[in-house]
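Be aware that the sequence shown starts at 1, since it is given in full-length UniProt numbering, and climbs by one per residue.
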Amino acid sequence: MIKSMKFKISLILIVFILLTIGNSVVSISYFNKLERSIDLIMDANYDSVVAAQNMNDALERQDSLELSFIFEDNEFLSSEHESNHMKFLEWIYKAKNNITEDGEKEILEVIEKNYTDYSNKIKDLESVKAKEGNEKVNRYYYNNIFPLFQTLKEECNELLNINQQSMLNMRGKSKELANSARYCTVIISALVLIIGLSIIGYLLKKIIHPIEDLAVGINKISAGNYEYKIPLKREKEINYILNDFNDMAEKLKQYEKLNINEILREKQKAEGIIESIDFPIIVTNDDNKVIMLNKSAERLFDVKEKNTLNRHFLECIEQREVFNIIQKARNSVKEYKGFNDIEIDQNDNKVYFRISANPIWFENNENIATVTIMQDITKFKEIDNMKSDFISNVSHEFRTPLTSICMAVGLLLEENNEGRESQTELLTIIKEDSERLDNLVSELLDLSKMEAGKIEMDIKDVDIKDVINQVKRTFKIQLQEKNITLNINTKTITRKARVDINKISWVVVNLVGNALRYTKIDGTGVIEIKAKEVNNTMLISITDNGEGIPEQDQKIIFEKFIQLKDSSGQITGNSGLGLAICKEIIKAHLGDIWVDSKLGEGSTFYFTLKLGGVLDEEENTNS
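Structural data, given as structure tokens:
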């Protein structure tokens with residue numbers, strides 16, 4: 001008994017090829033006969049049909065020219081008449097050389113005889129008109145020439161009909177030949193199909209049965225039955241596969257014994273770590289269902305983990321603000337690295353939490369879970385509020401004396417024109433320091449108003465492209481002096497943003513100013529401002545290729561009085577309030593602001609704004 005599947009498949013393919021070749025040979029034979037039949041029609045009758053049609057055309061044209069000659073004041077027939085006369089003789093000559101049908105020769109002889117008579121009478125037409133006038137020539141035409149013209153037309157049509165009828169007869173024969181070819185091809189194709197289906201059925205039986213055995217084995221292994229073995233009773237190639245499957249099952253059995261306990265230990269270890277953390281931790285899957293909750297979270301939300309597992313977050317935890325932060329972190333993928341501070345009422349007390357939602361991504365950017373950590377910052381918030389109140393009060397107290405000092409120093413400088421140079425220099429230093437302190441106090445007061453929610457906002461629909469272009473114009477001279485390139489990418493914007501244009505302009509100016517401070521001035525420095533619409537919000541980013549920001553500083557960079565050092569260790573910037581004010585302005589716009597940076601590669605500051613109305617075509621074109 002032949003056990004090789006390779007031999008059986010090869011044999012089947014050979015049979016198929018032979019049957020296909022036989023079918024092709026028969027089909028080609030019939031097609032050749034059909035082609036010869038068509039060529040015969042074209043060779044035998046087509047030239048005669050064309051000759052008859054052209055003789056008709058030449059006759060009709062001659063007749064038209066004769067009528068023109070009769071009714072117009074011409075003494076001779078036109079040269080065109082002679083041209084058509086020669087054309088008629090040319091085509092009758094071709095027809096006489098292509099006689100293929102019975103009676104065709106006799107018709108051509110009659111046509112030739114009548115045309116000779118017709119030509120002679122036309123020659124007399126000119127002399128009749130010249131000697132006897134228009135009335136006689138008219139009578140001569142209708143009595144002698146026109147009857148011959150009609151007779152010739154009828155004879156040409158008869159010649160045409162004989163050849164057309166012959167073509168129709170040949171067409172019928174070709175049709176019969178085509179039908180025979182069709183029937184023969186259908187019969188042979190049906191035979192090939194029946195034999196092919198029989199062979200395929202046999203082959204499928206030989207292939208599918210081992211696959212079914214393999215499917216049963218896979219189901220058994222998937223169910224954890226690693227003892228199952230597939231019987232080796234098929235062709236040798238199939239047995240190789242089945243034997244490999246049995247070996248794999250044995251290895252899985254050994255692997256399962258080694259690793260199941262290790263996996264359980266790691267799972268328990270991870271759960272123990274999460275439970276030991278004092279901060280509330282929530283783990284949700286890609287459907288926003290809770291899959292893990294530690295004790296701190298149970299106490300905060302007054303729920304039990306067993307009652308929340310595999311239930312939607314909002315179904316068991318009524319905290320829409322926390323849920324929105326989780327959604328934002330998942331949807332923003334890599335662009336979102338923010339920390340969000342929220343306020344929760346707990347036992348009639350306000351508790352503050354800093355929330356960090358971190359999506360866990362699998363292959364192909366598949367989100368398998370999101371870990372949300374809630375750090376209790378209530379004490380820090382209270383201290384920060386006390387500090388803010390103190391700074392606000394001190395700033396108010398400083399404002400009046402500082403204003404007086406600035407005015408007094410200004411007056412002294414004006415009156416000291418003829419004084420000593422040392423006095424002027426000292427007064428100038430006092431004036432500059434006073435102005436710097438005055439700016440600091442102004443920033444502190446603005447920040448205090450923002451934190452207290454007392455800032456006045458003039459929110460309107462604004463084309464963000466106009467804001468960005470104005471910022472570019474503002475920094476034009478500085479960019480040229482530092483040899484830095486500023487690129488703008490707003491091509492995809494189709495909507496306006498809901499903003500206070502003055503405050504958002506201040507944010508963009510501050511971020512671009514910071515980028516200028518840290519970007520290289522050797523001609524390679526590049527800053528890019530980009531705006532695009534993402535998840536129904538306006539996302540704006542300012543990117544530079546400067547020094548970058550250490551990861552530990554990225555978490556505190558938006559706090560008050562944070563001043564970073566450059567590569568030489570020098571503190572850059574002024575009061576350390578710029579980014580804190582930016583954060584409060586964006587927060588007042590119901591947006592988020594964050595930074596993504598790598599040392600040596602540069603930084604990107606992101607912030608989001610609410611979308612407004614659609615830009616009209618004119619605004620889009622101008623932008």
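Don't be surprised by glycine CBs; every beta carbon is placed ideally from N, CA and C.
The continuous alpha helix (DSSP H) containing GLU104 extends over residues 104-132.
A residue is called buried once 16 or more other Cβ atoms fall within 10 Å of its Cβ, and ARG473, having fewer, is exposed.
With fewer than 16 other Cβ atoms inside 10 Å of its own Cβ, SER180 counts as exposed. Nearest in C-alpha terms to ILE194, of all of THR20, LEU65, GLU132, is THR20.
Secondary structure at PRO231: coil, using DSSP grouped into helix, strand and coil.
For MET538, the secondary structure class from DSSP, reduced to helix, strand or coil, is strand. Within its own chain, the residues whose Cβ lies closer than 6 Å to the Cβ of LYS220, once the five positions on either side in sequence are excluded, are TYR228, listed in chain order. In this structure, the CA atom of LYS269 is about 15 Å from the CA atom of LEU293. Counting along the chain, THR370 sits inside no alpha helix (DSSP H); it lies in the beta strand (DSSP E) bounded by residues 367-376. Per the Cβ contact rule, the segment 181-191 is not in contact with the segment 142-154 (fewer than 3 Cβ pairs under 8 Å). The segment 371-381 makes contact with the segment 275-285: 3 or more CB pairs, one atom from each, lie closer than 8 Å.
Distance from the Cα of GLY196 is smallest, within the candidate group ASP596, LEU13, LYS123, GLY613, for LEU13.
The closest CA to that of LEU615, considering only TRP506, ASP461, ILE484, is found on ASP461. Within the segment 128-187, complete alpha helix (DSSP H) segments of at least 4 residues are found at 134-140, given in chain order. PHE362 carries a coil assignment under DSSP once its states are collapsed to helix, strand and coil.
Following the DSSP letters along the chain, one finds SER603 inside the beta strand (DSSP E) bounded by residues 602-614. Note that the segment 122-137 does not touch the segment 91-107; fewer than 3 beta-carbon pairs, one per stretch, sit closer than 8 Å. ALA497 is bridged by DSSP to VAL462, LEU611. Distances from the CA of ALA190 to each of ASP63, LEU160, GLY22 were compared; the closest alpha carbon is that of GLY22. In the displayed model, THR284 falls within a strand according to three-state DSSP.
Residue ranges of uninterrupted alpha helix (DSSP H) with 4 or more members, entirely inside the segment 273-322 and ordered along the chain, are 295-301, 305-308, 313-316.
Taking C-alpha positions only, ASN157 is separated from LYS87 by approximately 17 Å. Assigned with DSSP and collapsed to three states, ILE21 falls in helix. Using a C-beta cut-off of 8 Å, the segment 522-533 makes no contact with the segment 547-565, since fewer than three inter-stretch Cβ pairs fall below that distance. Each of LEU486, LYS295, ILE344 was checked against the Cα of GLN319, and the nearest Cα belongs to ILE344. As DSSP reads the structure, ARG354 sits in a beta bridge with ASP341, GLN375. At the C-beta level, LEU65 and SER78 come within 8 Å of one another. Counted as a single uninterrupted DSSP element, the alpha helix (DSSP H) harbouring ILE585 occupies residues 578-588.
Between ILE218 and GLN254, the alpha-carbon positions lie close to 17 Å from each other. Here ASP596 is bridged, per DSSP, to THR604. ASP500 and LYS476 have their alpha carbons spaced roughly 24 Å apart.
The three-state secondary structure of ASP213, taken from DSSP, is helix. Every alpha helix (DSSP H) of 4 residues or more that sits fully in the segment 40-97 is shown, in chain order, as 47-71, 79-96. Per the coordinates, the alpha-carbon of ARG61 lies some 10 Å from the alpha-carbon of LEU67. For ARG171, the closest of GLY591, ASN307, ILE342, TYR46 by C-alpha to C-alpha distance is TYR46. Rounded to the nearest angstrom, the gap between the Cα atoms of GLU584 and LYS503 is 10 Å.
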